[in-house]
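Below: the structure, in structure tokens.
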Amino acid sequence: MVSLLDHLRRRLEREGMLSVADYMGEALTHPVGGYYMRGDPFGAPGPAGGDFITAPEISQMFGELIGVWCADSWLRLGQPAPCALVELGPGRGTLMADALRATRQVPGFHDALDIHLVEVSPALRERQRESLGAHEITWLDNAGQIPEGPLLLIANEFFDALPVRQFEQTAEGWAERVVVLGPDDALAFALAAPSAANRPLIPAALRDAPEGTLVEVCPAALNIAAFLGHRLARQPGAALIVDYGPASPAPGPTLQALRHHRHHEVLDAPGSADLTAHVDFASLAQAAASAGCLAHGPVPQGDFLGALGIELRAAQLAAAAPRAAEAIGAARKRLTDPAEMGGLFKTLALTSPGPPFDPGAPAGFEAPAPQSPPPLSPDSQDR
Ligand SMILES: C[S@@+](CC[C@H](N)C(=O)[O-])C[C@H]1O[C@@H](n2cnc3c(N)ncnc32)[C@H](O)[C@@H]1O
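Numbering (my numbering), first residue to last: 91 to 473.
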């Protein structure tokens, strides 16, 4: 079997260069050697540990509160049935399992839902099947397959895994950073010839940045945002995107490789490390809003979870399991503290225009934030 590295070398011999997005796409999702296709990368550091850990794996509170957000949006939308509940990039299925457990006592909610998971990895689909065994699930290959009709959509740390192109400002205009075959057939970065065709791809706020500035753009993310914007403009619904990145366009580079919780060289051993880049929330919101939906936020994750009642939920869980109180408090702090995940991670909501989200806003995006306790099922104390 041809290794991913050999496959990339052959492509480079034929094509001369690959965009960074081409490389990232192959390294993450190539059917044989792609990082996400090989197994379960999640977990804390340690000998048997994974490469990274995400918010739903840190605490059940995260998925529970996102479940509350979905149920609240569904109630505001007038309890449409059927209603697609879609998750993009569900990982182990933990967020969805926590969201469903926390909302099972919302009258009519689960009966109305058609659950769809957009997942590229067969190994992770299997993990999701284990996590969500009690529920009927349909798996989709891409967001374009989301069925017509009322829609609730969630995506946590999905957009940061989508391939980015990189451009550098030169004396002769924007030039694309590409991957080429270097000495000894090793993969290396190079700069393609500058072209005026690159300039419109750069966010307007950065187009006249000084020479040497590097900017990342994520065409796949913008396409999905435009697709959601178009859908939500015509059919009722709400989407919640949670990820890490700046609120307004910022220069990069932010593309990074992580392996066993450590930084790794991006071009070394493709397929062996997770590759992510910061999400440009302003460009996502603009792509979606240009297609006709409303964009709310972004709001820092800490503020969003605070508005949805994470303090109260942590207190409930700690009262039910006093010996775990310290761990529950630490998880709450990790998810909400601006110095930890609470500031860099942000939430962006996309909704259909008009009532109930205009005037008004989805839960967590209103100012001032609501103080009401979340309507969690009383029996959702533990996973
Ligand atoms: C960083 S993980 C996040 C997992 C989960 N949302 C969580 O918070 O734990 C990225 C997820 O997106 C999936 N994924 C990555 N690229 C994808 C693509 N192009 N299409 C569909 N799923 C993709 C991965 O397999 C994985 O399930």
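The beta carbon of each residue, even a glycine, is placed where N, CA and C say it ideally should be.
beta-carbon residue i near ligand 1 non-hydrogen atom, thresh 7 Å
i: ASN246; result: yes
i: ALA315; result: no
i: LEU252; result: yes
i: ALA189; result: no
i: TYR126; result: yes
i: PRO121; result: no
i: PRO360; result: no
i: LEU185; result: yes
i: GLU430; result: no
i: VAL369; result: no
i: ASN232; result: yes
i: GLU216; result: no
i: LEU211; result: According to the sequence displayed, residue 211 carries Ser and not Leu. Result yes, Cβ under 7 Å from ligand 1.
i: THR144; result: yes
i: GLU266; result: no
i: PRO180; result: yes
i: GLU416; result: no
i: GLU147; result: yes
i: VAL208; result: yes
Outcome for residue i when other beta-carbon atoms lying within 10 angstroms are tallied against a minimum of 16
i: ALA295; result: exposed
i: ASP370; result: buried
i: MET91; result: exposed
i: GLY454; result: buried
i: GLY140; result: buried
i: ALA411; result: exposed
i: SER109; result: buried
i: PRO273; result: exposed
i: ALA510; result: Residue 510 lies beyond the residue range present for the chain, which begins at 91 and ends at 473; the question has no answer from this structure.
i: ASP275; result: exposed
i: GLY403; result: The question names Gly, but residue 403 in the sequence shown is Arg. Looking at its Cβ environment, which holds 16 or more other Cβ atoms inside 10 Å, ARG403 is buried.
i: ARG321; result: buried
i: VAL122; result: exposed
i: GLY106; result: exposed
Coarse secondary structure for residue i, derived from DSSP in three states
i: PHE257; result: strand
i: GLY210; result: In the sequence as displayed, the identity of residue 210 is Val instead of Gly. If DSSP states are grouped into helix, strand and coil, VAL210 belongs with coil.
i: SER221; result: helix
i: PRO309; result: helix
i: SER285; result: coil
i: PHE447; result: coil
i: PRO460; result: The pLDDT assigned to PRO460 is 49, lower than 50, so where the model puts this residue is not dependable; a value taken from the coordinates is nonetheless given after this. It is coil, neither helix nor strand.
i: CYS173; result: strand
i: LEU94; result: helix
i: VAL110; result: helix
i: GLY387; result: strand
i: ASP469; result: With a pLDDT of only 49 at ASP469, under the threshold of 50, the placement of this residue in the model should not be trusted; the figure read from the coordinates follows. Note: ASP469 maps to coil in three-state DSSP.
i: PHE152; result: helix
i: HIS320; result: helix
i: GLU105; result: helix
i: GLU355; result: coil
i: VAL369; result: coil
i: VAL270; result: strand
i: ILE331; result: strand
i: ASP250; result: helix
i: PHE455; result: coil
i: THR441; result: strand
Reference residue i; option with closest CA among the options
i: ALA161; options: THR184, GLY198 and TYR126; result: GLY198
i: PRO444; options: ALA174, LEU167 and MET151; result: Going by the sequence as given, residue 444 is Gly instead of Pro. If we check each option's Cα against that of GLY444, LEU167 comes out closest.
i: GLY319; options: GLN169, ASP96, ARG104 and ALA233; result: ALA233
i: PHE257; options: ARG297, HIS368 and GLY454; result: ARG297
i: GLY302; options: LEU118, TRP264 and ARG324; result: TRP264
i: PHE435; options: PRO449, LEU407 and HIS368; result: HIS368
i: GLY179; options: ASP393, HIS200, PRO170 and ALA311; result: ALA311
i: ARG217; options: MET186, THR366 and THR119; result: MET186
i: ARG349; options: PRO360, VAL307 and PRO326; result: PRO360
i: SER93; options: GLN406, GLU416 and GLU116; result: GLU116
i: TYR113; options: LEU398, ALA337, LEU252 and ARG289; result: LEU252
i: HIS200; options: ALA171, GLU306, VAL305 and ARG182; result: ALA171
i: GLU306; options: ILE292, ALA315 and ALA316; result: ILE292
i: ASP364; options: ASP250, GLY183, VAL208 and GLY223; result: ASP250
i: ILE205; options: SER221, GLN259, ALA417 and VAL176; result: VAL176
i: GLU220; options: PRO212, GLY183 and VAL254; result: GLY183
i: THR144; options: GLY392, GLN195 and MET431; result: MET431
i: ARG324; options: THR437, ALA381 and GLY106; result: ALA381
i: ASP333; options: PRO300, VAL208 and PRO390; result: PRO390
Residue i Cβ short of 7 Å to ligand 3 heavy atom set
i: LEU118; result: This structure lacks ligand 3; its bound ligands are ligand 1.
Short CB-CB distance (under 8 Å) between residue i and chain B
i: GLU416; result: Among the chains of the structure shown, chain B does not appear; only one protein chain is present.
* **Cβ pair count under 8 Å reaching 3, the stretch 277 to 292 against the stretch 223 to 239** => no
* So does the stretch 186 to 197 actually touch the stretch 152 to 166, counting three or more Cβ pairs closer than 8 Å? -> yes
* Would you say the stretch 365 to 385 touches the stretch 415 to 426, given that touching needs at least three Cβ pairs under 8 Å? -> no
* Counting pairs of beta carbons, one from the stretch 425 to 433 and one from the stretch 344 to 356, are three or more of them closer than 8 Å? -> no
* Asked: Are the stretch 94 to 104 and the stretch 242 to 256 touching, with three or more C-beta to C-beta distances below 8 Å?
  -> no
* Is it true that the stretch 318 to 332 meets the stretch 234 to 241, where meeting means three or more beta-carbon pairs spaced less than 8 Å apart? -> yes
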